[in-house]
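Asks: So that we are looking at the same thing, I have put the structure below in structure tokens.
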Amino acid sequence: MPAELVRVSPAQPEPEIIGRAAALIRSGQLVAFPTETVYGLGANAFDAEAVARIFAAKGRPSIDPIIVHCADEPSEDVVDWAQLDETARRSAQALMAAFMPGALTLVLPRGKCIPPIVTAGLATVGVRIPAHPVAQALIAAAGVPIAAPSANRFSHTSPTTAQHVYADLSERIDLILDGGATDVGIESSILDLCSAPPRLLRHGGVPLEALQACLAAAGLPEGIQVVTRHAAAHGEALPAPGMLLKHYAPRAALTLYESADEAQLRAALRAEARRRAAAERVGLLLAAEDAPFMADLTNVCVEIVGSLSDLAGVAHNLYAALRALDDQGVTCILARSFPETGIGAAVRDRLLRAASGCVVRL
Ligand code: TXA
Ligand code: MG
């Protein structure tokens, strides 16, 4: 039986629909639901058997820990607050006040009711408080925290619509709550507060600059070590489990083009698209500003993700654009790079991973 896809109001979720989904969570089943970043695949975080179903449905390796979603400040059951030193505790308080609910995950000491399978055996747990009203309502109605990775097959592009979830997981789960397209479009930023200085493990919806500014404003050390670079590519130890290079990838082979010179970047994309289009179906991932320069290309599928001056818009559209190119049957994708400021760092990170190291630097 394929999954049931149920529409739910993203702003005012209907209590009867949320009640049904919450009952499934409580009985150990899986429910996909919208958050403001991407869709999550949820199970009762206190139930090891239910969480095992997440790993099976996604085809996810057991070494990859899952984020626990709470409706508000996590209790002692979820986080062992006493394990944190004074600075880390004050940092957690400042960051939670500023960004939670929101697109931030904090790595904290694991509480006593979180089974080891959730955290891949680690003594820490990733905790997020999603802002999306559907996610909030579901967690509250379930009465338990919800363990949820992104609701895609392992290493595929994260889903930003219920239709993306359906395409990846319809044969493997029971219910998908359809609350429309997600707002941010890229996963949460992950900050590890169990090390000093704190480590940024993944760029995401809350920019690094904002995290640093928040700590500085609270009179706390603002130094954050960035360890999101793709250690796995060079055979080094992973800074965190699950930080594999090939992650967030479309089916088509993606090449990322980088240049400080916009004219040179466009000329290279144009020439390569034209050359390859003679033999294969080419996808181009572009900014709105590029479009006039590519209008006459034939046998090329173009996806415009947004303006170079609106990186939040680019983040919002990125994953849907990659999936749209796959759906059009392209065999290769040539992607432009975007400015690295603010949420642009997360966009760049996802494009680098999707490229699996295939980067042309002009
Ligand atoms: O925005 C998001 O974070 C979405 C929505 C659904 O909340 N979730 C998400 O989950 O992106 P997932 O499973 O696709 O990515 C979670 C990543 C893991 O791959 C791992 O790298 C990191 O979070 N993680 C989770 N718990 C951790 C821990 N205790 N220590 C280190 N890293 C952890
Ligand atoms: Mg994921």
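Residue numbers (our numbering): 154 to 515.
For every residue, glycine included, the Cβ atom is placed at its ideal position computed from N, Cα and C.
List in chain order the residues whose CB is within less than 6 angstroms of at least one heavy atom of ligand 2.
Replies: Those residues having their beta-carbon less than 6 angstroms away from any non-hydrogen atom of ligand 2 are, in chain order, PRO302, SER303, SER311.
Asks: Closest to HIS285 by C-alpha separation, out of TYR410, PRO166, LEU464, LEU261, would be which residue?
Replies: Residue numbering aside, residue 285 sits at position 132 when the sequence shown is read from its first letter. Residue PRO166 is the option with its Cα nearest to HIS285.
Asks: Does the beta carbon of SER341 fall short of 6 angstroms from some heavy atom of ligand 1?
Replies: In the sequence shown, counting from the first residue as 1, residue 341 sits at position 188. Checking the Cβ of SER341 against ligand 1 gives yes.
Asks: Specify whether the segment 277-295 and the segment 451-461 touch according to this definition: at least 3 beta carbon pairs, one from each stretch, less than 8 angstroms apart.
Replies: Three or more Cβ pairs closer than 8 angstroms define a contact, and the segment 277-295 falls short of that threshold against the segment 451-461.
Asks: My assumption, with CB atoms under 8 angstroms, is that GLY310 sits in contact with THR335. Please give the rounded CB distance.
Replies: Counting from 1 along the sequence shown, the entry for residue 310 is found at position 157. Counting from 1 along the sequence shown, the entry for residue 335 is found at position 182. Before going further, note that residue 310 is Thr rather than Gly in the sequence given. That pair is no contact at about 13 angstroms.
Asks: Could you check if GLU324 is buried or exposed, using at least 16 other CB atoms within 10 Å of its CB as the buried criterion?
Replies: In the sequence shown, the residue the question calls residue 324 occupies position 171. GLU324 is exposed by the Cβ-count criterion.
Asks: Taking contact to mean at least 3 C-beta pairs separated by less than 8 angstroms, is the segment 341-353 in contact with the segment 229-245?
Replies: yes
Asks: Tell me which residues share the same chain as ILE270 and place their Cβ nearer than 8 angstroms to its Cβ, disregarding the 5 neighbours each side in the sequence.
Replies: As a working note, residue 270 is residue 117 in the sequence shown. Excluding sequence neighbours, ILE270 sits near ALA201, VAL204, ALA205, PHE208, SER215.
Asks: For the segment 285-344, which segments carrying the alpha helix (DSSP H) assignment without a break, of at least 4 residues, lie completely within its bounds, in sequence order?
Replies: 286-295, 315-322
Asks: Would VAL280 pass as a contact of THR190 if the rule is Cβ separation under 7 angstroms?
Replies: By one-based count along the sequence shown, residue 280 stands at place 127. By one-based count along the sequence shown, residue 190 stands at place 37. Contact: no.
Asks: Let me know if CYS485 comes out buried or exposed under the rule of 16 or more other beta-carbons within 10 Å of its beta-carbon.
Replies: Stepping through the sequence shown from its first residue, residue 485 is reached at position 332. So CYS485 ends up on the buried side.
Asks: For SER462, which option in ILE171, LEU504, GLY497 has the closest C-alpha, if you only look at C-alpha atoms?
Replies: Locating residue 462 in the sequence shown gives position 309, where the first residue counts as 1. For SER462, the nearest C-alpha among the options comes from GLY497.
Asks: Can you grab the Cα-Cα spacing for the pair ALA185 / ALA473, in whole Å?
Replies: For the purposes of this step, residue 185 is identified with residue 32 of the sequence shown, where counting begins at 1. For the purposes of this step, residue 473 is identified with residue 320 of the sequence shown, where counting begins at 1. One C-alpha to the other measures close to 17 angstroms.
Asks: Looking only at its chain, what residues have a beta carbon closer than 6 angstroms to the beta carbon of GLU389, apart from the 5 residues adjacent to it on each side?
Replies: As a first step, residue 389 must be located in the sequence shown, where it is residue number 236. A caution first: GLU389 carries a pLDDT of 47, below 50, which makes its placement in the model too unreliable to give a value.
Asks: In angstroms, rounded to a whole number, what distance separates the CA positions of GLY510 and PRO155?
Replies: The count along the sequence shown starts at 1 and reaches residue 510 at position 357. The count along the sequence shown starts at 1 and reaches residue 155 at position 2. So the alpha carbons of these two residues sit roughly 36 angstroms apart.
Asks: Can you check which of these residues, PRO445, ARG429, VAL278, ASP327, is closest to ILE220 by C-alpha distance?
Replies: For the purposes of this step, residue 220 is taken as the residue at position 67 of the sequence shown. Comparing Cα-Cα distances from ILE220 to each of PRO445, ARG429, VAL278, ASP327, the minimum goes to VAL278.
Asks: Over the uninterrupted beta strand (DSSP E) stretch that includes CYS485, give me the two end residues.
Replies: Residue mapping note: residue 485 aligns to position 332 of the sequence shown, counting from 1. Segment 485-489, the beta strand (DSSP E) holding CYS485.
Asks: Is any heavy atom of ligand 1 found at a distance shorter than 6 angstroms from the C-beta of GLY436?
Replies: Here the question's residue 436 lines up with position 283 in the sequence shown. GLY436: no, Cβ never under 6 angstroms from ligand 1.
Asks: Within 10 Å of its beta-carbon, does ALA245 have 16 or more other beta-carbons around it, so buried, or fewer, so exposed?
Replies: Indexing the sequence shown from 1 puts residue 245 at position 92. Per the 10 Å Cβ criterion, buried.
Asks: Do the segment 364-378 and the segment 220-235 meet, that is, are 3 or more Cβ pairs less than 8 angstroms apart?
Replies: no
Asks: At the 7 angstroms Cβ level, is GLN246 part of the contact set with chain C, yes or no?
Replies: Absence of chain C from the displayed structure is noted, only one protein chain being present.
Asks: Does DSSP put ALA563 in a helix, a strand or coil?
Replies: The first residue shown for the chain is 154 and the last is 515, placing residue 563 beyond what the model contains.
Asks: Might you give, ordered along the chain, the residues of its own chain that have their beta carbon closer than 6 angstroms to the beta carbon of LEU515, omitting 5 neighbours on each side?
Replies: Locating residue 515 in the sequence shown gives position 362, where the first residue counts as 1. Same-chain partners within the cutoff: SER412, GLN417, ALA421.
Asks: Do you know how far the Cα of LEU475 is from the Cα of TYR401?
Replies: Within the sequence shown, the letter at position 248 stands for residue 401. Within the sequence shown, the letter at position 322 stands for residue 475. In a straight line, the C-alpha of TYR401 is about 10 angstroms away from that of LEU475.
Asks: To the nearest angstrom, how far is the alpha carbon of ILE299 from that of VAL467?
Replies: Here residue 299 corresponds to residue number 146 of the sequence shown, with the count starting at 1. Here residue 467 corresponds to residue number 314 of the sequence shown, with the count starting at 1. For ILE299 and VAL467, the distance between alpha carbons rounds to 29 angstroms.
Asks: Report yes if the C-beta distance between GLY357 and GLU340 is below 7 angstroms; otherwise report no.
Replies: Locating residue 357 in the sequence shown gives position 204, where the first residue counts as 1. Locating residue 340 in the sequence shown gives position 187, where the first residue counts as 1. Going by C-beta atoms, GLY357 is nearer than 7 angstroms to GLU340.
Asks: Expressed to the nearest angstrom, what Euclidean distance is found between the alpha-carbon atoms of PRO254 and ARG419?
Replies: The residue you call residue 254 lines up with position 101 of the sequence shown. The residue you call residue 419 lines up with position 266 of the sequence shown. About 39 angstroms.
Asks: Mind checking whether the beta-carbon of PRO218 lies closer than 6 angstroms to any heavy atom of ligand 1?
Replies: Locating residue 218 in the sequence shown gives position 65, counting from the first residue. Yes, the beta carbon of PRO218 sits closer than 6 angstroms to at least one heavy atom of ligand 1.
Asks: When you compare only the Cα positions, how much space is there between ALA256 and PRO360?
Replies: Along the sequence shown, read from residue 1 onward, the residue named residue 256 stands at position 103. Along the sequence shown, read from residue 1 onward, the residue named residue 360 stands at position 207. Between the alpha carbons of ALA256 and PRO360 lies a gap of roughly 10 angstroms.
Asks: Just mark ARG263 as buried or exposed, buried being the case when its beta carbon has 16 or more other beta carbons within 10 Å.
Replies: As a first step, residue 263 is located in the sequence shown; it is residue number 110 there, counting from the start. Within a 10 Å sphere around the beta-carbon of ARG263 sit 16 or more other beta-carbons, which makes this residue buried.
Asks: What residues are listed by DSSP as bridge partners for LEU353?
Replies: Residue mapping note: residue 353 aligns to position 200 of the sequence shown, counting from 1. Under DSSP, LEU353 takes part in a beta bridge, and its partners are LEU344, VAL379.
Asks: Can you check the segment 424-468 for any alpha helix (DSSP H) of at least 4 residues that lies completely inside it and give the ranges in chain order?
Replies: With a minimum length of 4 residues, the continuous alpha helix (DSSP H) runs that stay inside the segment 424-468 are 444-447.
Asks: Would you call the CB atoms of VAL161 and LEU322 closer than 7 angstroms?
Replies: One-based indexing of the sequence shown puts residue 161 at position 8. One-based indexing of the sequence shown puts residue 322 at position 169. Cβ atoms of VAL161 and LEU322: not closer than 7 angstroms.
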